[in-house]
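Heads up, the thing below is written out as structure tokens.
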Amino acid sequence: MRFSKFFIPTLKEAPSEAEITSHRLMLRAGMIRKLSSGIYSYLPLGLMAIRKVENIIREEMNRVGAQEVLLPLVQPAELWKTSGRWHRYGKELLRLKDRHNREHCLGPTHEEVITNLVRYEVRSYRDLPLNLYQIHTKFRDEIRPRFGLMRCREFIMKDGYSFDIDDEAAEETYKIMYEAYERIFDRCGLVFRVVEAETGTIGGSFSHEFMAVSDVGEDTIVYCKNCSYAANIERAEVKNYSISEEKQRPIKEVYTPGYKTVEEVTSFLNVGPERIVKTILYLSDGKPLAALVRGDHEINESKLLRLLGCESLNLAPPDVIKEITGADVGFAGPVGINIKIVADNAIKGMRNFISGANRTDYHFMNINPGRDFKVEIFGDIRFIKEGDLCPKCGGELEFKRGIEVGHVFKLGTKYSKALRATYLDKRGKEQYIVMGCYGIGVGRTLAAIIEQNHDEHGIIFPLSVAPFSIYLLPIDLKDPEILNTAEKIYKKLRERGFDVLYDDRDVSPGIKFKDADLIGIPIRITLGRYLKEGKIEIRLRRSGETRIIPLNELELTLEKIFKYGTH
RNA sequence: CGGGACGUGGCGCAGCCUGGUAGCGCACCUGCAUGGGGCGCAGGUGGUCGCAGGUUCAAAUCCUGUCGUCCCGACCA
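Numbering (our numbering), first residue to last: 7 to 573.
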């Protein structure tokens with residue numbers, strides 16, 4: 007590609023709205039432009055990089071026997087009502103009506119459509135297993151899109167769905183897909199970790215997330231320094247709990263005028279937050295519930311939801327809190343309230359703690375579980391925090407930020423049951439198909455690659471996803487020798503199948519160097535002062551390593567670089 | 001949804017407090033010059049100051065509303 011003909015509007019300065027590196031660099035390199043919040047156009051250079059990532063995904067999917075399909079973006083409401091997600095998915099599902107006033111939505115994911123497709127075509131165990139995937143645009147009406155391609159409303163996703171005859175076969179498919187995912191992100195040049203994860207609205211029994219390690223990641227991942235345990239903080243189990251040996255003291259009411267938060271109460275009573283118990287009131291499937299966690303712990307609603315096995319869980323509104331406790335918000339406690347109490351495991355071992363007295367401006371001191379109130383369920387309902395130990399081996403844990411680039415779910419029969427996707431087994435008996443689902447955020451993967459591969463001058467593309475592998479940079483096109491050689495090299499390299507970006511612009515060398523660095527093409531060939539001696543310069547973007555070589559050794563040198571990499 | 005900020009040429013910003021000629025850098029155009037890191041000189045194009053209403057002799061500037069964008073959180077996953 008000739009730079010002068012290429013639609014690549016590079017920017018010296020990035021728009022102020024771009025906060026993180028990948029977003030700034032993608033804008034500056036002329037890869038993307040924003041149309042509106044969370045909605046982007048892909049320019050040629052950006053699309054080329056996207057395609058590179060997609061093709062890695064395609065190769066690895068095809069290698070494990072998955073087949074590519076393309077499913078509709080606009081989906082009828084009926085299908086979503088059947089699965090129950092029309093009501094459950096919430097505002098992220100963009101709903102629209104057609105001219106006949108029929109309800110539709112833009113697909114945020116495609117379990118319904120694919121299951122619907124398969125249920126009509128699969129009759130017998132002989133038709134299984136089946137593994138289908140697609141790469142196309144999804145729409146999720148995110149509450150807060152941010153960070154460029156990192157969290158968009160409209161985004162490119164690879165989503166795959168597997169269909170197996172039973173759990174065992176599904177398990178095997180899951181493993182194969184998991185390994186394919188590892189190969190994909192390896193080939194993309196990402197530093198990543200696989201963690202146990204929450205399943206969210208997709209549902210299913212368990213899942214793993216593929217997390218690109220990055221400080222700008224929106225998730226926190228926890229992993230053990232000692233063993234292989236790794237989990238999303240949403241999911242990470244807490245197993246270490248201590249039991250206090252303190253003697254029980256008589257309960258005592260104290261006047262705490264206006265002191266509501268843990269912070270206020272600790273400073274007023276001059277105690278540590280670990281002496282306090284927070285009482286959080288919820289409506290669980292509409293019924294009131296008190297959840298207890300220690301003052302220095304944070305409640306994890308996903309864990310609570312899972313423990314309760316309920317459909318909905320919402321914080322109780324202030325008027326309900328007042329009704330239950332008989333006090334203003336901020337003075338709730340477990341003693342003397344007449345609703346179901348669920349407590350974190352840590353509460354079990356606590357003695358003489360402080361909590362609200364269910365009376366405005368009062369707290370109780372020296373509360374003891376069992377003696378002063380009864381807990382219906384003890385369980386792990388809090389977030390893990392720094393200092394907690396590995397639930398597997400008791401080792402020390404590390405906390406890092408991660409970008410969720412891939413997510414694999416074992417769905418089981420959630421959708422096949424809802425949409426009645428069945429087959430006849432060998433004995434002629436009807437069985438539900440066992441499903442799995444596998445997603446990769448393509449744009450987000452590209453953003454993660456740039457987050458992990460850049461310097462102060464710009465992007466440093468790994469060869470595997472670089473939109474071009476070679477940047478041909480003639481210093482001065484008015485010098486006939488340089489011009490002729492550049493044209494010759496460009497022609498020859500293209501004939502040899504190399505993808506070359508030829509900077510044939512009549513601009514100062516500085517501009518070309520800056521753009522070359524910004525765009526991040528792995529190999530730069532510079533034609534300039536050494537040409538008089540029949541030599542050219544080859545420079546690697548990543549290492550900065552520069553070699554001056556005779557012109558006739560160019561192809562040999564390139565072959566070596568492609569063989570041994572650009573590091 | 002709560003909190004905060006912003007909207008002035010394609011991009012980055014100043015001007016607003018204290019109302020009175022719309023300004024700077026980059027980009028762009030022309031010419032000259034230059035050719036190893038966003039190079040120099042000279043000249044030039046382009047903005048009803050997000051939109052609507054109000055106050056005023058006069059509004060980018062003050063007031064009200066509205067739309068959009070970004071950040072933090074909540075929510076969602």
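Positions of the beta carbon are idealized from the N, C-alpha and C atoms, including for glycine.
For clarity, every value in this text was computed on a predicted model and none was experimentally measured.
Whole-angstrom distance between residue j and residue i, CA atom to CA atom
i	j	result
Thr366	Lys284	15 Å
Pro151	Gln458	21 Å
Leu478	Pro528	11 Å
Pro50	Asp505	14 Å
Ile353	Arg407	29 Å
Arg312	Gly336	26 Å
His573	Ala55	19 Å
Pro114	Arg547	38 Å
Gly516	Leu562	28 Å
Glu74	Glu188	19 Å
Thr262	Glu243	35 Å
Tyr139	Tyr184	15 Å
Val326	Tyr421	36 Å
Glu237	Asp302	First, the amino acid is wrong: residue 237 is Ala here, not Glu. Straight-line Cα distance between these residues: approximately 21 Å.
Glu23	Ile446	26 Å
Ile52	Leu31	Checking the sequence, you will find Gly at residue 52 rather than Ile. In a straight line, the C-alpha of Gly52 is about 11 Å away from that of Leu31.
Pro135	Glu127	13 Å
Asp378	Ala186	55 Å
Leu537	Asn490	11 Å
Ile26	Val222	7 Å
Phe474	Phe12	12 Å
Val414	Val200	10 Å
Pro480	Ile239	51 Å
Ile343	Gly332	9 Å
Thr419	Leu112	24 Å
Val59	Glu317	38 Å
Pro323	Leu155	36 Å
Ala296	Ser308	15 Å
Ile305	Glu65	42 Å
Val228	Thr205	17 Å
Ile63	Lys87	32 Å
Check whether residue i and residue j have beta carbons under 7 Å apart
i	j	result
Phe145	Val411	no
Gly210	Ala72	no
Ala349	Phe384	yes
Lys545	Arg530	For the record, residue 545 in the displayed sequence is Arg; it is not Lys. Yes, the pair counts as a contact, with Cβ atoms nearer than the cut-off.
Lys416	Phe169	no
Arg255	Ile360	no
Leu533	Ile488	yes
Ile409	Ala472	no
Asn137	Leu85	no
Cys230	Leu403	yes
Tyr288	Leu319	yes
Pro340	Ile330	no
Leu425	Arg125	yes
Tyr180	Gly442	yes
Ile525	Ala35	yes
Leu9	Asp386	Residue identity differs from the one stated: residue 9 is Phe in this sequence, not Leu. The answer is no: Cβ separation not under 7 Å.
Thr272	Tyr95	no
Cys233	Cys399	yes
Bridge-paired residues (DSSP) for residue i
i	result
Thr115	Its beta-bridge partners do not exist; DSSP assigns none.
Gln81	Cys111
Asp291	Answer is none; Asp291 lacks a bridge partner.
Arg545	Arg530, Thr552
Ile481	Answer is none; Ile481 lacks a bridge partner.
Ser422	Beta-bridge pairing links Ser422 to no other residue.
Thr88	Paired residue(s): none; Thr88 is not in a bridge.
His575	Given that the chain is displayed from residue 7 to residue 573, the structure contains no residue 575 and the question cannot be resolved.
Thr226	Arg407
Asp4	With the chain covering only 7 through 573, there is no way to say anything about residue 4.
Tyr429	Gln437
Met217	Arg199, Glu410
Gln73	Leu138
Leu5	Summary: the structure shown does not reach residue 5, with the chain confined to residues 7 through 573, and so no result is reported for it.
CB-CB length for residue i against residue j, believed under 8 Å
i	j	result
Glu259	Ala176	Going by Cβ atoms, the distance from Glu259 to Ala176 rounds to 57 Å, so no, they are not a contact pair.
Ser47	Ile456	At roughly 18 Å, the Cβ-Cβ gap does not stay under 8 Å, so Ser47 and Ile456 are not in contact.
Pro82	His110	6 Å
Leu77	Ile141	The pair is not a contact, with the Cβ atoms about 11 Å apart (cut-off 8 Å).
Ile257	Phe370	6 Å
Asp523	Leu483	Their Cβ separation, rounded to whole angstroms, is 20 Å, which puts Asp523 and Leu483 out of contact at 8 Å.
#### Entry: Three CB pairs or more closer than 8 Å across the region 423-431 and the region 124-141
A contact is defined here as three or more CB-CB pairs under 8 Å, and the region 423-431 meets this definition with respect to the region 124-141.
### Query
Do the region 375-391 and the region 233-249 touch if we need at least three Cβ pairs shorter than 8 Å?
Yes, the region 375-391 touches the region 233-249.
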